[in-house]
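Visitor: I am attaching a structure below and will ask some questions about it afterwards.
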């Protein structure tokens with residue numbers, strides 16, 4: 011069964027509350043989304059495996075720790091997910107980056123694919139799928155299925171704000187994918203926007219509305 015972790019770190023909660031404000035401009039919004047992604051990445055990688063390595067300091071040899079096992083990849087769901095990539099790479103700079111492009115059909119609210127470009131060895135990596143908002147779950151469910159169809163087996167999903175409806179759909183359709191959520195909101199409205207949410211994350215990141 012999927013692990014669902016809602017972040018309770020005070021800095022994450024403070025920053026999410028700040029970007030909810032409608033008068034926050036695109037520059038500040040982008041900067042803080044990236045900062046939130048860094049903090050969330052720190053929490054979401056807490057259980058990565060370590061291995062012993064022998065190194066030499068200026069004083070002596072010692073046995074230290076470094077990451078072991080699968081390498082990492084970050085896959086944003088376009089376009090809003092791009093806002094989280096830099097923050098993720100600040101924490102895991104060696105990770106490769108893929109991109110999945112989906113848009114929401116205005117009538118069915120289901121996800122429609124228009125782009126997919128992944129690292130050649132993506133199936134051998136631990137993949138973090140990132141998108142600021144988990145609303146209906148349609149886009150994230152579709153993106154994760156695309157990854158699975160390409161042989162990716164180790165997937166985690168990170169979002170800044172989620173609705174209960176999206177969490178339910180994700181855990182039902184991908185029970186093997188752990189979810190890392192900045193804030194769990196009340197519900198979706200009639201237009202499938204998260205309430206209270208923060209509006210359209212893509213528009214606010216890129217200043218397109």
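Residue numbers (the numbering used here): 11 to 219.
Just so you know, even glycine gets a beta-carbon here, dropped at the ideal spot from N, CA and C.
#1: Does the region 198–206 come close enough to the region 157–173 to have 3 or more Cβ pairs within less than 8 Å?
#2: In angstroms, rounded to a whole number, what distance separates the CA positions of residue 159 and residue 205?
#3: For the region 33–46 against the region 14–25, do three or more pairs of beta-carbon atoms, one drawn from each stretch, fall closer than 8 Å, so that the two count as touching?
#4: Between the alpha carbons of residue 251 and residue 149, how many angstroms are there, rounded?
#5: Using 8 Å as the cut-off, can you tell me whether the region 82–95 makes contact with the region 61–70, which would need three or more C-beta pairs spanning the two stretches below that distance?
#6: Please report the straight-line C-alpha distance between residue 185 and residue 11, rounded to a whole angstrom.
#7: Mapping DSSP to helix, strand and coil, what is residue 41?
#8: Can the beta-carbon of residue 190 be found less than 8 Å from the beta-carbon of residue 50?
#9: Along the chain, which unbroken stretches of the alpha helix (DSSP H) at least 4 residues long are found entirely within the region 169–204?
#10: Tell me where the beta strand (DSSP E) around residue 62 begins and ends.
#11: According to the neighbour-count rule (16 or more other Cβ atoms, all chains shown, within 10 Å of its Cβ), is residue 144 buried or exposed?
#12: Considering just the uninterrupted stretch of the beta strand (DSSP E) at residue 109, what are its terminal residues?
#13: Please state whether DSSP places residue 85 in a helix, a strand or coil.
#14: My guess is that residue 115 and residue 122 are in contact by the Cβ rule of under 8 Å, so how many angstroms apart are they, rounded?
#15: Taking just the CA atoms, how far does residue 73 sit from residue 207?
Guide: According to the structure shown:
#1: Touching, yes, given that three or more Cβ pairs across the two stretches are closer than 8 Å.
#2: The residue labelled residue 159 in the question sits at position 149 within the chain shown. The residue labelled residue 205 in the question sits at position 195 within the chain shown. Their Cα atoms are separated by approximately 32 Å.
#3: Flag = yes, the region 33–46 and the region 14–25 touch.
#4: The chain is shown from 11 up to 219; residue 251 falls before or after that span and cannot be answered.
#5: Segment contact: the region 82–95 against the region 61–70, fewer than three CB-CB distances shorter than 8 Å; contact not assigned.
#6: For the purposes of this step, residue 185 is identified with residue 175 of the chain shown, where counting begins at 1. For the purposes of this step, residue 11 is identified with residue 1 of the chain shown, where counting begins at 1. Their backbone Cα atoms lie some 5 Å apart in a straight line.
#7: In the chain shown, residue 41 corresponds to position 31, counting from 1. Helix.
#8: Against the chain shown, residue 190 aligns to sequence position 180. Against the chain shown, residue 50 aligns to sequence position 40. At the C-beta level, residue 190 and residue 50 come within 8 Å of one another.
#9: Within the region 169–204, the complete alpha helix (DSSP H) runs of at least 4 residues fall at 174–183.
#10: Within the chain shown, the letter at position 52 stands for residue 62. Where residue 62 is concerned, the enclosing beta strand (DSSP E) stretches over 60–66.
#11: Reading the chain shown from its first residue, position 134 is the one you call residue 144. Buried: at least 16 other Cβ atoms inside 10 Å.
#12: Working through the chain shown from its first residue, we reach residue 109 at position 99. Segment 109–114, the beta strand (DSSP E) holding residue 109.
#13: Numbered from its first residue, the chain shown carries residue 85 at position 75. Looking at residue 85 - three-state DSSP - the assignment turns out to be strand.
#14: On the chain shown, position 105 is the one that residue 115 refers to. On the chain shown, position 112 is the one that residue 122 refers to. Contact flag correct, Cβ pair sits at about 6 Å.
#15: In the chain shown, the residue the question calls residue 207 occupies position 197. In the chain shown, the residue the question calls residue 73 occupies position 63. Going from the Cα of residue 207 to the Cα of residue 73 covers about 47 Å.
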